[in-house]
Amino acid sequence: MKKKTIVVKNKLGLHARPCALLVKTASKFRSDLMIKKGNMEVNGKSIMGVMMLAAEQDSELELIANGVDEEYLIIEIENLFENRFDEE
Amino acid sequence: MKILHVKEFFETMNKDFALSVLTDPKTMENVIQEGHLHRPGLALSGYMERFAYKRIQVLGETEISYIQTLPAELLYERLKEMFEFNIPLIIVTKGLSVPQQMEYLANEMNIAIILSRLSTDRLISGLTRYLRMYFAPQKSIHGTLVEVYGVGILLTGKSGIGKSECALDLLERRHRLISDDVVRITHTDDRLEGTSVNDIGYFMEVRGVGLIDVERMYGIHAVQKKTTIDTQIELLLWQDNIDYERIGLTNNYVNVLGVNLPIIYLPVSPGKNVSVIIEVVALNHILKNFGYEAAEVYQRKLQERINLKSRERSQ
Numbered sequence: 003m004k005k006k007t008i009v010v011k012n013k014l015g016l017h018a019r020p021c022a023l024l025v026k027t028a029s030k031f032r033s034d035l036m037i038k039k040g041n042m043e044v045n046g047k048s049i050m051g052v053m054m055l056a057a058e059q060d061s062e063l064e065l066i067a068n069g070v071d072e073e074y075l076i077i078e079i080e081n082l083f084e085n086r087f088d089e090e
Numbered sequence: 002m003k004i005l006h007v008k009e010f011f012e013t014m015n016k017d018f019a020l021s022v023l024t025d026p027k028t029m030e031n032v033i034q035e036g037h038l039h040r041p042g043l044a045l046s047g048y049m050e051r052f053a054y055k056r057i058q059v060l061g062e063t064e065i066s067y068i069q070t071l072p073a074e075l076l077y078e079r080l081k082e083m084f085e086f087n088i089p090l091i092i093v094t095k096g097l098s099v100p101q102q103m104e105y106l107a108n109e110m111n112i113a114i115i116l117s118r119l120s121t122d123r124l125i126s127g128l129t130r131y132l133r134m135y136f137a138p139q140k141s142i143h144g145t146l147v148e149v150y151g152v153g154i155l156l157t158g159k160s161g162i163g164k165s166e167c168a169l170d171l172l173e174r175r176h177r178l179i180s181d182d183v184v185r186i187t188h189t190d191d192r193l194e195g196t197s198v199n200d201i202g203y204f205m206e207v208r209g210v211g212l213i214d215v216e217r218m219y220g221i222h223a224v225q226k227k228t229t230i231d232t233q234i235e236l237l238l239w240q241d242n243i244d245y246e247r248i249g250l251t252n253n254y255v256n257v258l259g260v261n262l263p264i265i266y267l268p269v270s271p272g273k274n275v276s277v278i279i280e281v282v283a284l285n286h287i288l289k290n291f292g293y294e295a296a297e298v299y300q301r302k303l304q305e306r307i308n309l310k311s312r313e314r315s316q
């Protein structure tokens, strides 16, 4: 299991498009991904779940990946956040 | 551990409990850490052992009239001794007036006092309910919650196994959706209550189609805000080498927030009608509640038949 805390950087937060991109990216991997925000934990491969986090700019999320390719999964997801989901 | 700020408590409940603040605004920063109430009669009379000071202290008519019988100096000493404990909040009911000394000391020692116009009985029952809900253990899990024939069923399983599709099929059969994908579970009064985590509405993702609005599509009767979770059904990909339950004499349970929740491991394969099986699970649950266990009844009848045959043979 690998964990990583990240911060939402893009201005509009995790709205529909970034959520779709996140889920699409996570689904390429065999590992499971859970995303935690406060006391809420959702499946990172499910679009409704990720959208329900309603994560705003500067909010903190914890990524929890579990499986054979967990390291690569975390790196790719982190990249998405770093690049602000190619939004700005 | 969840905490409740006095300020937050006041802001959310001031209408319901007819509250008004007596002490300085800075006392509103105090933090309530326990979801129980305490009536500090014994502490007021001087017995401070085992004083449950972390709880909200409720003063009713009895306590206030007792305080008024105390000589001023003694009262000052008592209250001071009491207030040295870190009491977060004192609520005085029935709009009773608070002795000046008490108000002064509370401000000095940073203890919040809030007045309520409700009677002690009504305040205590309302407040107990509110605190129980607020401090109730809670978690959110990945799954879909539906109500089938009045039985709350939590569908779980890996992403893409078909939870949402199954829920759609159940909606088509006039059952109800509470939440798709993320379910918030609260443990109250020895049962598990499931709700949606937000109030955006009853939206659902259908793979290949996108988002749909269930309430719009199926009507208001197809959705519901909350339900008691009676049983969990874990959808699993069919695997040939796994032993699935065949008779139903043993019940499996999972521990969710300290409650034993019955769980059924349901193998799914393409083309299999899962929603019919879920209806069967719900009906069987109702029968079990009425004390009828099909597997046990069948076993008993089978045993009688066997006994009869063996008697015939020995004659």
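Protein sequences appear in the order of chains A and B.
Heads up, the working numbering is the position in the first sequence plus 2, with the first residue counted as 1.
Heads up, the working numbering is the position in the second sequence plus 1, with the first residue counted as 1.
A virtual CB, placed ideally from N, CA and C, is assigned to each residue, including glycine.
- The DSSP-derived three-state label of residue 99/B is coil.
- Taking residue 53/B as reference, the option from 45/B, 41/B, 224/B with the minimal CA-CA separation is 41/B.
- For the alpha helix (DSSP H) assignment, the region 216-240 of chain B encloses no uninterrupted run of at least 4 residues.
- Contact between residue 41/A and residue 139/B holds, with the beta-carbon distance rounding to 7 Å and staying under 8 Å.
- Non-local beta-carbon contacts of residue 183/B in its own chain, meaning distances under 7 Å to residues more than five positions away in sequence, involve 141, 143, 198 in chain order.
- In terms of beta-carbon proximity, residue 44/A lines the interface with chain B, with at least one pair separated by less than 8 Å.
- Taking the Cα of residue 92/B as reference, the smallest distance to any Cα among 153/B, 189/B, 7/B, 48/B is reached at 7/B.
- The beta strand (DSSP E) runs lying completely inside the region 143-186 of chain B and spanning 3 residues or more are 145-149, 152-157, 177-180, given in chain order.
- Close CB contacts of residue 22/A within its chain, under the 7 Å cut and outside five residues either way in sequence, are with 49 (chain order).
- Membership of residue 282/B in any beta strand (DSSP E) is not indicated; the residue belongs instead to the alpha helix (DSSP H) covering 275-290.
- Cβ-Cβ distances below 6 Å link residue 110/B to 84 in the same chain, with the five nearest sequence neighbours on each side left out; the list follows chain order.
- With respect to the 8 Å criterion, residue 45/B and residue 64/B are classified as neighbours on the basis of their beta carbons.
- The alpha carbon of residue 148/B has as its nearest neighbour, out of 165/B, 104/B, 229/B, the alpha carbon of 229/B.
- The three-state secondary structure of residue 57/B, taken from DSSP, is strand.
- Less than 8 Å divides the Cβ of residue 20/B from the Cβ of residue 11/B.
- Within the region 37-89 of chain A, complete beta strand (DSSP E) segments of at least 3 residues are found at 42-45, 62-68, given in chain order.
- Residue 50/A has a beta carbon lying within less than 8 Å of a beta carbon in chain B.
- Annotation: Cβ neighbours of residue 41/A in chain B (cutoff 8 Å, chain order): 139, 140, 141.
- Checking the DSSP bridge columns, you'll see residue 22/B partnered with 115/B.
- As the crow flies, the alpha-carbon of residue 293/B is around 25 Å from that of residue 174/B.
- In the structure shown, the three-state DSSP call for residue 294/B is coil.
- Along the region 17-32 of chain A, there is no position whose C-beta sits under 7 Å from a C-beta of chain B.
- Annotation: residue 7/B has no Cβ neighbours in chain A at a cutoff of 7 Å; minimum Cβ distance is about 21 Å.
- Against chain A, a Cβ distance below 8 Å from residue 206/B picks out 48, 49, 50.
- Taking 8 Å as the CB threshold, residue 54/A lines the interface with chain B.
- Setting aside the 5 residues that flank it on each side, residue 75/A is surrounded in the same chain by 28, 31, 33, 35, 67, each with a C-beta closer than 7 Å to its C-beta; the list follows chain order.
- A direct Cα-Cα distance of roughly 16 Å separates residue 76/B from residue 98/B.
- Within the region 182-203 of chain B, the residues whose Cβ lies closer than 9 Å to some Cβ of chain A are 182, 183, 185, 197, 198, 199, 201, listed in chain order.
- Assignment of residue 131/B by DSSP, reduced to helix, strand and coil, places it in the helix class.
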